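Asks:
Number of protein chains: 2
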Amino acid sequence: MARDPDWTLIRSFLAVLRAGSLSAAARRLRLAQPTLGRHIAALEGDLGQPLFTRAPAGLAPTPAALAMRPMAEAMEQAAAALLRAAEGADDPARGTVRITASEVMGAQVLPPILAELQRRHPGLVLELALENRAGDLLRRDADIAVRMFRPKQDALLARRIGHVGLGLYAHRDYLARHGAPRSVAELPLFHVIGFDRDDSSARAVAEGTLPIDRTLFRVRSDSDLAQAALLRAGLGIGAMQHRLAAEMPELVPVLAAEVQLGLEVWLAMHEDQRGNAAVRAAFEVLGEGLGAFLGQKESAFSEEKEAKRLLFVRARRAPGLPGALKS
Amino acid sequence: MARDPDWTLIRSFLAVLRAGSLSAAARRLRLAQPTLGRHIAALEGDLGQPLFTRAPAGLAPTPAALAMRPMAEAMEQAAAALLRAAEGADDPARGTVRITASEVMGAQVLPPILAELQRRHPGLVLELALENRAGDLLRRDADIAVRMFRPKQDALLARRIGHVGLGLYAHRDYLARHGAPRSVAELPLFHVIGFDRDDSSARAVAEGTLPIDRTLFRVRSDSDLAQAALLRAGLGIGAMQHRLAAEMPELVPVLAAEVQLGLEVWLAMHEDQRGNAAVRAAFEVLGEGLGAFLGQKESAFSEEKEAKRLLFVRARRAPGLPGALKS
DNA sequence: CGCGGGCCATACTAAAATGTAGGGCAACCA
DNA sequence: TGGTTGCCCTACATTTTAGTATGGCCCGCG
Numbered sequence: 001m002a003r004d005p006d007w008t009l010i011r012s013f014l015a016v017l018r019a020g021s022l023s024a025a026a027r028r029l030r031l032a033q034p035t036l037g038r039h040i041a042a043l044e045g046d047l048g049q050p051l052f053t054r055a056p057a058g059l060a061p062t063p064a065a066l067a068m069r070p071m072a073e074a075m076e077q078a079a080a081a082l083l084r085a086a087e088g089a090d091d092p093a094r095g096t097v098r099i100t101a102s103e104v105m106g107a108q109v110l111p112p113i114l115a116e117l118q119r120r121h122p123g124l125v126l127e128l129a130l131e132n133r134a135g136d137l138l139r140r141d142a143d144i145a146v147r148m149f150r151p152k153q154d155a156l157l158a159r160r161i162g163h164v165g166l167g168l169y170a171h172r173d174y175l176a177r178h179g180a181p182r183s184v185a186e187l188p189l190f191h192v193i194g195f196d197r198d199d200s201s202a203r204a205v206a207e208g209t210l211p212i213d214r215t216l217f218r219v220r221s222d223s224d225l226a227q228a229a230l231l232r233a234g235l236g237i238g239a240m241q242h243r244l245a246a247e248m249p250e251l252v253p254v255l256a257a258e259v260q261l262g263l264e265v266w267l268a269m270h271e272d273q274r275g276n277a278a279v280r281a282a283f284e285v286l287g288e289g290l291g292a293f294l295g296q297k298e299s300a301f302s303e304e305k306e307a308k309r310l311l312f313v314r315a316r317r318a319p320g321l322p323g324a325l326k327s
Numbered sequence: 001m002a003r004d005p006d007w008t009l010i011r012s013f014l015a016v017l018r019a020g021s022l023s024a025a026a027r028r029l030r031l032a033q034p035t036l037g038r039h040i041a042a043l044e045g046d047l048g049q050p051l052f053t054r055a056p057a058g059l060a061p062t063p064a065a066l067a068m069r070p071m072a073e074a075m076e077q078a079a080a081a082l083l084r085a086a087e088g089a090d091d092p093a094r095g096t097v098r099i100t101a102s103e104v105m106g107a108q109v110l111p112p113i114l115a116e117l118q119r120r121h122p123g124l125v126l127e128l129a130l131e132n133r134a135g136d137l138l139r140r141d142a143d144i145a146v147r148m149f150r151p152k153q154d155a156l157l158a159r160r161i162g163h164v165g166l167g168l169y170a171h172r173d174y175l176a177r178h179g180a181p182r183s184v185a186e187l188p189l190f191h192v193i194g195f196d197r198d199d200s201s202a203r204a205v206a207e208g209t210l211p212i213d214r215t216l217f218r219v220r221s222d223s224d225l226a227q228a229a230l231l232r233a234g235l236g237i238g239a240m241q242h243r244l245a246a247e248m249p250e251l252v253p254v255l256a257a258e259v260q261l262g263l264e265v266w267l268a269m270h271e272d273q274r275g276n277a278a279v280r281a282a283f284e285v286l287g288e289g290l291g292a293f294l295g296q297k298e299s300a301f302s303e304e305k306e307a308k309r310l311l312f313v314r315a316r317r318a319p320g321l322p323g324a325l326k327s
């Protein structure tokens, strides 16, 4: 009852699912509407069950169609990754590299490094996606990830770049108005800037240091960039990389001796992309640039397994607080 | 220079890559050889670079083609998963569920549980893949995984089923011939059965207990089933689940007081498959059956994040030995 | 209530892809 | 060395597929 359908039909199916109607999907795919109608009919025939119920305003997906959607999207992403791999396979100068990074990294640290990358490989097309959530590489959403924590997946090639130090800062005007806390215990009396719902950044930073709790914060945002902007605007006390804060004269360190935070910086790529010259070149330049930025010697190219051992040792040295730790 | 190619071309490309020639690929796909020749030519045109060099004995892939292969395979697996999802979306009685498990689990524990599953859902088509390597679910190589360690991926729905105890055993004839070790320190004097190159099983079992080293073993195999068979054949001392050893009267426990090993049992499925009735039904029955086998109450259905917290607590209670721990 | 705009389905025509058949080439084997 | 086999390429007939044009339907709006 289920012949395996032509992949083109799946692509059309996904387009119809997204667009909500045959006509709209046809416009996006630059095909004719009857063509898509036939594709859907053929796919329904192959699968032996209806995928859409014909409604006046368009097509309504059946539960089966909704269940199929993630797989169709996985195919689409794999196809996009294949295209990138094909472009840059031979020639590092001619390819597209998609990089994902955390917000702060992508906005504050990466641009000059990417400029250097582009200078060395002018033919490269660069894509930069900023998300604090991980898991992009495995979905082939990106070729290279700059992450502030150890990549967990076996299928990744990961390199530990170094360590970045953070501390608490506040605008000097804020401190002039409210004074400065004299101890960590006094912090709840001030306007602490922190996450809203997504604690992934905070828990990585605070690992083994502070018990992190949403109720501590009196100014909340899940965007690290927004947090930084709020900090610079004088709304309260928040965390920032020392390296970045040093270039912002209006910021003054707070509890510098008591609160010392740190993050690891990791570079990761999918092992499938090992054969892609463009990705390899970008990986190298990013490693160099980030290493220089961190002012630390970078470790040798190492596979995930070795990286794991390193992290393990590190984790034993600094046992964390159960409440703040979920990763 | 790079139009995004029709997905059918990618499928043909993968077939040619695997088969090594247009003709062979054509036979497998039940297409004519010139058709595949045209597909490859079209794909090369779309990508703007050659994928194969024409050789007398067939086609030799270029580096670019090799770099593209993993992505093409990812598409293929996603398509297969899509097909399974379509089949079983509505009706648990009519669907295919692909299960991956470790060798011992799949060969010794799962069969009766799968029999029960089939009894309850006679229309289900079951696929069972035995591999000790993980990472199958994310590649959509399987719908459900039975694993002896905590699944690490965020995109998975995981349920901790329970705990299985292991110990060292030997055939009574072996012990009659060689005697029994009186302490762990004496073990190297005996024929210990263990892994050859792949230490993934052993390091999970021995976590926090024994320093595991390949040189300890005097009988080596990477197949857990082979190890069990060697153990039953009297070749030496090896690890086995208490539950299984209890049904093998020829086996005698060794150093039962000194060496107590254990593994967690986890059930995991891809969150994308949540909408698949067949997979859900299989997940439920597997959870019940494994829970009954382990003789323990199963915990409530929980997402990965909660599972992580559980594991963290556990890891703190039993700190491991750095050398034996890489996961 | 009539009109326009969105949608899908159908019939027909045009284009494109597929299959078939035959030729040439290199490698292997008796 | 001569036959056989497997391979790829090209040319041509055929089937399949896509595009165009049209009609009917439902909804919202003036």
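Protein chains in written order, with our numbering: chain W, 1 to 327; chain V, 1 to 327. Idealized CB from N, CA, C, for every residue including glycine. All values reported here derive from a predicted model rather than from experimental measurement.
Starting from Pro112(W) and walking both ways along the alpha helix (DSSP H), at which residues does that stretch end?
Replies: Indexing the first sequence from 1 puts residue 112(W) at position 112. Unbroken alpha helix (DSSP H) run through Pro112(W): 110–120.
Asks: Ignore the nearest five residues each way along the sequence and tell me which others in Ala307(W)'s own chain have a CB closer than 7 angstroms to its CB.
Replies: For this step, residue 307(W) is matched to residue 307 along the first sequence. Residue confidence is low: Ala307(W) scores 35 on pLDDT, short of 50, so the model does not pin down where it sits. No coordinate-derived value is stated.
Asks: Can you name, in chain order, every residue of its own chain whose Cβ lies under 6 angstroms from the Cβ of Gln296(W), other than the five neighbours on each side?
Replies: Stepping through the first sequence from its first residue, residue 296(W) is reached at position 296. Low confidence applies here, because Gln296(W) scores a pLDDT of 43, under 50, leaving its location unreliable; read the following figure in that light. Within the same chain, Gln296(W) has close Cβ partners Gly162.
Asks: Between Gln108(W), Asp141(W), Glu247(W), which has its C-alpha nearest His171(W)'s C-alpha?
Replies: As a working mapping, residue 171(W) is identified with position 171 in the first sequence. With distances taken between Cα atoms, His171(W) lies closest to Glu247(W).
Asks: How is the alpha helix (DSSP H) around His242(V) delimited, first residue to last?
Replies: Working through the second sequence from its first residue, we reach residue 242(V) at position 242. 242–245 is the extent of the alpha helix (DSSP H) around His242(V).
Asks: What is the rounded straight-line gap between the Cα of Val125(V) and the Cα of Thr96(V)?
Replies: For the purposes of this step, residue 125(V) is taken as the residue at position 125 of the second sequence. For the purposes of this step, residue 96(V) is taken as the residue at position 96 of the second sequence. Rounded to whole angstroms, Val125(V) to Thr96(V) spans 4 angstroms at the Cα level.
Asks: Would you say Leu216(V) and Val254(V) are within 8 angstroms of each other, going by their C-beta atoms?
Replies: If you number the second sequence from 1, residue 216(V) lands on position 216. If you number the second sequence from 1, residue 254(V) lands on position 254. Using a Cβ distance threshold of 8 angstroms, Leu216(V) and Val254(V) do not count as a contacting pair.
Asks: In angstroms with no decimal places, state the Cα-to-Cα distance between Pro34(V) and Val279(W).
Replies: The count along the second sequence starts at 1 and reaches residue 34(V) at position 34. The count along the first sequence starts at 1 and reaches residue 279(W) at position 279. Cα to Cα, Pro34(V) sits roughly 34 angstroms from Val279(W).
Asks: Over the uninterrupted beta strand (DSSP E) stretch that includes Leu255(V), give me the two end residues.
Replies: What you label residue 255(V) is simply residue 255 of the second sequence in a count that begins at 1. Premise fails: Leu255(V) is in no beta strand (DSSP E) and is neither H nor E.
Asks: Classify Met269(W) as helix, strand or coil using the three-state DSSP reduction.
Replies: Numbered from its first residue, the first sequence carries residue 269(W) at position 269. It is a strand residue.
Asks: Given this structure, state the Cα-to-Cα distance separating Arg140(V) from Arg94(W), to the nearest angstrom.
Replies: Within the second sequence, numbered from 1, the residue matching residue 140(V) stands at position 140. Within the first sequence, numbered from 1, the residue matching residue 94(W) stands at position 94. Taking the straight line from one Cα to the other gives about 31 angstroms.
Asks: For Pro181(W), which three-state DSSP category applies?
Replies: Your numbering for residue 181(W) matches position 181 in the first sequence. If DSSP states are grouped into helix, strand and coil, Pro181(W) belongs with coil.
Asks: With DSSP as the reference, label Val313(V) as helix, strand or coil.
Replies: To locate residue 313(V), count along the second sequence from 1; it is residue 313. Here the model assigns Val313(V) a pLDDT of 27, short of 50, so the residue's position is not dependable and the matter cannot be decided.
Asks: Along the chain, where does the beta strand (DSSP E) containing Pro61(V) start, and where does it finish?
Replies: In the second sequence, counting from the first residue as 1, residue 61(V) sits at position 61. From DSSP, the beta strand (DSSP E) with Pro61(V) extends over 58–61.
Asks: Taking the Cβ atom as the reference point for each residue, do Ile99(V) and Val164(V) lie within a distance shorter than 8 angstroms?
Replies: The sequence position of residue 99(V) within the second sequence is 99, counting from 1. The sequence position of residue 164(V) within the second sequence is 164, counting from 1. No, these two residues do not count as a Cβ contact at 8 angstroms.
Asks: Looking at chain V, is there any beta carbon in it that lies within less than 8 angstroms of the beta carbon of Ala74(W)?
Replies: Position 74 of the first sequence, counted from the first residue, corresponds to residue 74(W). Closer than 8 angstroms: yes.
Asks: Rounded to a whole number of angstroms, what is the C-alpha to C-alpha distance between Ala72(V) and Leu175(W)?
Replies: Mapped onto the second sequence, residue 72(V) falls at position 72. Mapped onto the first sequence, residue 175(W) falls at position 175. Straight-line Cα distance between these residues: approximately 57 angstroms.
Asks: Tell me whether Leu231(W) sits in a helix, a strand or coil according to DSSP, three-state version.
Replies: Taking the first residue of the first sequence as 1, we reach residue 231(W) at position 231. Leu231(W): helix per DSSP, three-state reduction.
Asks: Give every residue of the same chain whose Cβ lies closer than 7 angstroms to the Cβ of Glu116(W), excluding the five residues on either side of it in the sequence, and list them in chain order.
Replies: Residue 116(W) sits at position 116 when you count from the first residue of the first sequence. Here the set comprises Val285, Gly289.
Asks: Using a Cβ-Cβ cut-off of less than 9 angstroms, list which residues of the segment 164–186 of chain W approach chain V; keep chain order.
Replies: none
Asks: For the beta strand (DSSP E) holding Glu131(V), just list the boundary residues, first then last.
Replies: Against the second sequence, residue 131(V) aligns to sequence position 131. Careful: Glu131(V) lies outside any beta strand (DSSP E) and carries neither H nor E.
Asks: State the Cα-Cα distance for the pair Leu17(V) and Glu131(V), rounded to the nearest angstrom.
Replies: In the second sequence, counting from the first residue as 1, residue 17(V) sits at position 17. In the second sequence, counting from the first residue as 1, residue 131(V) sits at position 131. Cα-Cα distance, rounded: 25 angstroms.
Asks: With Arg232(V) and Phe195(V) assumed to form a contact (beta carbons below 8 angstroms), what rounded beta-carbon distance in angstroms separates them?
Replies: Residue 232(V) sits at position 232 when you count from the first residue of the second sequence. Residue 195(V) sits at position 195 when you count from the first residue of the second sequence. So it is not a contact: roughly 18 angstroms between Cβ atoms.
Asks: Work out the CA separation of Ile10(W) and Glu103(W) for me, nearest whole Å.
Replies: If you number the first sequence from 1, residue 103(W) lands on position 103. If you number the first sequence from 1, residue 10(W) lands on position 10. Cα to Cα, Glu103(W) sits roughly 34 angstroms from Ile10(W).
Asks: What three-state label does DSSP hand Val259(V) in the structure shown?
Replies: Numbered from 1 along the second sequence, position 259 holds the residue referred to as residue 259(V). Three-state result, Val259(V): coil.
Asks: Give me the Cβ distance between Val109(W) and Phe293(W), rounded to the nearest whole Å; I'm assuming they're in contact under 8 angstroms.
Replies: Here residue 109(W) corresponds to residue number 109 of the first sequence, with the count starting at 1. Here residue 293(W) corresponds to residue number 293 of the first sequence, with the count starting at 1. Right, their Cβ atoms sit about 6 angstroms apart.
Asks: Check Ala142(V) in the structure and name its three-state DSSP category.
Replies: Stepping through the second sequence from its first residue, residue 142(V) is reached at position 142. Of the three classes helix, strand and coil, the one that applies to Ala142(V) here is coil, per DSSP.
Asks: So what's Gly291(V) in DSSP terms, helix, strand or just coil?
Replies: Reading the second sequence from its first residue, position 291 is the one you call residue 291(V). Helix at Gly291(V).
Asks: Quick one: what does DSSP say His39(W) is sitting in, helix, strand or coil?
Replies: Position 39 of the first sequence holds residue 39(W). The answer is helix: DSSP assigns His39(W) an H, G or I state.
Asks: Is Ala89(W) near Ala15(V), with beta carbons less than 8 angstroms apart?
Replies: For this step, residue 89(W) is matched to residue 89 along the first sequence. For this step, residue 15(V) is matched to residue 15 along the second sequence. In this structure, Ala15(V) does not lie closer than 8 angstroms to Ala89(W) by Cβ.
Asks: Please name the residue, chosen from Arg3(V), Met75(V), Gly236(V), Arg27(V), that lies closest to Glu44(V) on a Cα-to-Cα basis.
Replies: Here the question's residue 44(V) lines up with position 44 in the second sequence. Ranking the options by Cα distance to Glu44(V), first place goes to Arg3(V).
Asks: So which residues on chain W does Met240(V) lean against when the C-beta distance must stay under 7 angstroms?
Replies: Counting from 1 along the second sequence, the entry for residue 240(V) is found at position 240. Against chain W, the beta carbon of Met240(V) has no neighbour under 7 angstroms; the closest one sits roughly 27 angstroms away.
Asks: From the DSSP output, which residues share a beta bridge with Ile237(V)?
Replies: The count along the second sequence starts at 1 and reaches residue 237(V) at position 237. BP columns for Ile237(V) point to Ala170(V), Val192(V).
Asks: Taking C-beta pairs closer than 9 angstroms, name the residues in chain W that Asp196(V) reaches, listed in chain order.
Replies: To locate residue 196(V), count along the second sequence from 1; it is residue 196. Neighbours of Asp196(V) on chain W: none; closest Cβ ~17 angstroms, over 9 angstroms.
Asks: Between the Cα of Gly234(W) and those of Glu250(W), Glu264(W), Ala277(W), spot the shortest distance and give me the residue it belongs to.
Replies: As a first step, residue 234(W) must be located in the first sequence, where it is residue number 234. Nearest of Glu250(W), Glu264(W), Ala277(W) to Gly234(W), Cα basis: Glu250(W).
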